[in-house]
Amino acid sequence: MENEYSFVKSLENIESILSSLPPTTEILSKWQALRLFQQAMDEYVTHEKLQKSVIPNFNITEIHLFPFQFIRFYMFNAPCICHHSLCDPVEFEPRYGCTNCTKLLKESSDIEKLCLLCQTYQMITGTSRPSNHVNFTDEERKLISAWKAKEKELNKFMDREVFEKLCNDEKIQRWKDLKLTDEENIMLGFQNSRTRTSYAKKTDAQKRTWLLENLQPFVLPIFIDCKCSNSADRKALMKKQQLCLPKIYGPRVVRFAEDFNPWLDLSTE
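Going by this note's numbering, the sequence shown wraps up at 270, each residue one higher than the last.
Below you can see the structure in the form of structure tokens.
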């Protein structure tokens with residue numbers, strides 16, 4: 002209403018709304034995802050138990066999302082969206098990689114790479130979206146700062162994909178050296194004595210293999226592509242945009258009350 006239903010005005014003023022959004026949810030590790038897969042669709046497992054035994058690095062208010070998401074993605078087939086005009090995958094940069102949004106924070110090469118907000122604004126107006134007061138999250142600011150430091154170290158501009166690959170390679174090397182952060186220890190369930198004991202009995206080679214397997218990020222997409230025969234280009238873009246449902250295997254318990262409602266935690270009643 003304040004923007005008179007103008008898409009352009011809304012894109013110009015969206016930063017004030019972004020500042021009021023809740024923080025983004027942490028990404029699960031594969032170890033956590035497997036255990037959630039086993040328990041999250043059991044309505045009689047409380048959110049408190051899920052938090053204590055599987056995802057203690059998550060706030061209790063975030064946990065109700067996972068049972069609903071696992072039911073949505075792993076119990077039902079995704080509808081076909083191949084020909085839906087609003088569901089076409091689009092090539093775009095994350096906010097911290099957008100040359101327009103970050104122009105006041107870091108220098109970029111001459112190649113323009115835009116986030117979805119700036120890309121949409123430019124498509125409608127033919128001009129660049131105003132970006133003097135971009136509201137980055139703390140995590141985005143850390144990434145921009147690390148990116149600038151890496152470019153200064155190498156004395157050259159670096160594509161975001163190259164920067165992310167370098168960061169990922171450094172992280173994987175740290176895992177191979179058997180060095181973990183406090184949060185990674187939590188993401189592997191080391192607060193559980195049985196998990197710690199099992200890990201301690203492994204050889205160094207077995208530990209490396211186990212860490213590389215179980216610390217992989219498990220990203221649940223906002224929506225997922227269907228199983229229709231798409232083009233190779235579309236499939237590649239869907240994978241890049243993390244819109245493919247990650248595969249997960251193992252036993253699971255599915256129990257619902259007669260008055261099942263995925264939005265409520267009935268296990269405490």
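Note that CB positions come from ideal geometry on N, CA and C, so glycine has one too.
With DSSP as the reference, please indicate the residues paired to LEU29 in a beta bridge.
Taking the first residue of the sequence shown as 1, we reach residue 29 at position 28. Bridge partners of LEU29: PHE219.
Cutting at 6 Å between CB atoms, please list the residues of its own chain near ARG209, excluding the five before and the five after it.
Here the question's residue 209 lines up with position 208 in the sequence shown. Closer than 6 Å at Cβ, skipping near neighbours: LYS177.
Neighbourhood of LEU51 by C-beta distance below 6 Å, restricted to the same chain and skipping five residues each side
In the sequence shown, counting from the first residue as 1, residue 51 sits at position 50. Same-chain partners within the cutoff: ILE64.
Where ILE103 falls, given that 16 or more other Cβ within 10 Å makes a residue buried
Locating residue 103 in the sequence shown gives position 102, counting from the first residue. Residue 103 is actually Thr in this sequence, not Ile. THR103 comes out buried.
Just checking my contact of ALA34 with ILE249 at CB under 8 Å: how many whole Å lie between their CB atoms?
Translated into positions along the sequence shown, residue 34 becomes position 33. Translated into positions along the sequence shown, residue 249 becomes position 248. The Cβ separation is near 6 Å, so the contact holds.
For GLU94, the residue or residues it bridges with in DSSP:
Here the question's residue 94 lines up with position 93 in the sequence shown. Answer is CYS116.
To the nearest angstrom, how far is the alpha carbon of GLU141 from that of ARG175?
Position 140 of the sequence shown, counting from 1, holds the residue named residue 141. Position 174 of the sequence shown, counting from 1, holds the residue named residue 175. Their Cα atoms are separated by approximately 22 Å.
Measure the alpha-carbon distance for SER7 versus LEU115 and round it to whole angstroms.
As a working mapping, residue 7 is identified with position 6 in the sequence shown. As a working mapping, residue 115 is identified with position 114 in the sequence shown. Approximately 21 Å, taken between the alpha carbons.
Given that a residue counts as buried once 16 or more other Cβ atoms are within 10 Å of its Cβ, and exposed if not, what is SER30?
If you number the sequence shown from 1, residue 30 lands on position 29. Its Cβ being crowded by 16 or more others within 10 Å, SER30 is buried.
From PHE219, ILE225 and ILE145, residue whose alpha carbon lies closest to that of CYS271:
With the chain represented from 2 up to 270, any question about residue 271 goes unanswered, as that position is not in the structure.
Just checking, does the region 11 to 24 make contact with the region 124 to 141 on the three C-beta pairs under 8 Å criterion?
yes
Would you call TYR122 buried or exposed, if buried means 16 or more other Cβ atoms sit within 10 Å of its Cβ?
Stepping through the sequence shown from its first residue, residue 122 is reached at position 121. Buried is the call here.
Would LYS153 and MET159 be called neighbours here (beta carbons separated by less than 8 Å)?
Reading the sequence shown from its first residue, position 152 is the one you call residue 153. Reading the sequence shown from its first residue, position 158 is the one you call residue 159. No, the pair does not count as a contact, with Cβ atoms beyond the cut-off.
Would you call the CB atoms of PRO90 and GLN242 closer than 8 Å?
In the sequence shown, the residue the question calls residue 90 occupies position 89. In the sequence shown, the residue the question calls residue 242 occupies position 241. Closer than 8 Å, so yes.
At least 3 beta-carbon pairs within less than 8 Å: the region 90 to 100 vs the region 65 to 74
no
So, helix, strand or coil for ASN1, using DSSP?
Given a span of 2 to 270 for the chain in the structure shown, any question on residue 1 remains unanswerable.
Would you mind stating whether TRP32 and LEU167 have Cβ atoms separated by less than 8 Å?
Within the sequence shown, the letter at position 31 stands for residue 32. Within the sequence shown, the letter at position 166 stands for residue 167. Contact: no.
When you compare each of GLU113, HIS48, PHE38 and LYS107 to MET76 by their alpha carbons, which one comes out closest?
In the sequence shown, residue 76 corresponds to position 75, counting from 1. Nearest C-alpha to MET76: PHE38.
Where the alpha helix (DSSP H) containing LYS10 begins and where it ends
Along the sequence shown, read from residue 1 onward, the residue named residue 10 stands at position 9. Residues 8 to 19.
Would TRP148 and LYS107 qualify as a contact pair, given that the criterion is a beta-carbon distance under 8 Å?
The count along the sequence shown starts at 1 and reaches residue 148 at position 147. The count along the sequence shown starts at 1 and reaches residue 107 at position 106. Yes, the pair counts as a contact, with Cβ atoms nearer than the cut-off.
To the nearest angstrom, how far is it from the Cα of SER21 to the Cα of LYS203?
Working through the sequence shown from its first residue, we reach residue 21 at position 20. Working through the sequence shown from its first residue, we reach residue 203 at position 202. Straight-line Cα distance between these residues: approximately 46 Å.
Would you identify the three-state DSSP class for LEU212, choosing helix, strand or coil?
Sequence index remark: in the sequence shown, residue 212 carries index 211 (1-based). Note: LEU212 maps to helix in three-state DSSP.
Does the beta-carbon of ASN101 have 16 or more other beta-carbons within 10 angstroms, so that it is buried, or is it exposed?
Here residue 101 corresponds to residue number 100 of the sequence shown, with the count starting at 1. ASN101 is buried by the Cβ-count criterion.
Please identify the residue among ILE28, THR47, VAL46 and GLN120 whose C-alpha is closest to the C-alpha of VAL9.
Taking the first residue of the sequence shown as 1, we reach residue 9 at position 8. For VAL9, the nearest C-alpha among the options comes from GLN120.
Which parts of the region 137 to 206 are runs of the beta strand (DSSP E), unbroken and 3 residues or longer, counting only runs that do not cross its ends?
none
Kindly indicate the opening and closing residues of the alpha helix (DSSP H) around PRO247.
In the sequence shown, residue 247 corresponds to position 246, counting from 1. Neither: PRO247 is in no alpha helix (DSSP H) and is coded neither H nor E.
From which residue to which residue does the alpha helix (DSSP H) around GLN52 run?
Residue mapping note: residue 52 aligns to position 51 of the sequence shown, counting from 1. Where GLN52 is concerned, the enclosing alpha helix (DSSP H) stretches over 48 to 54.
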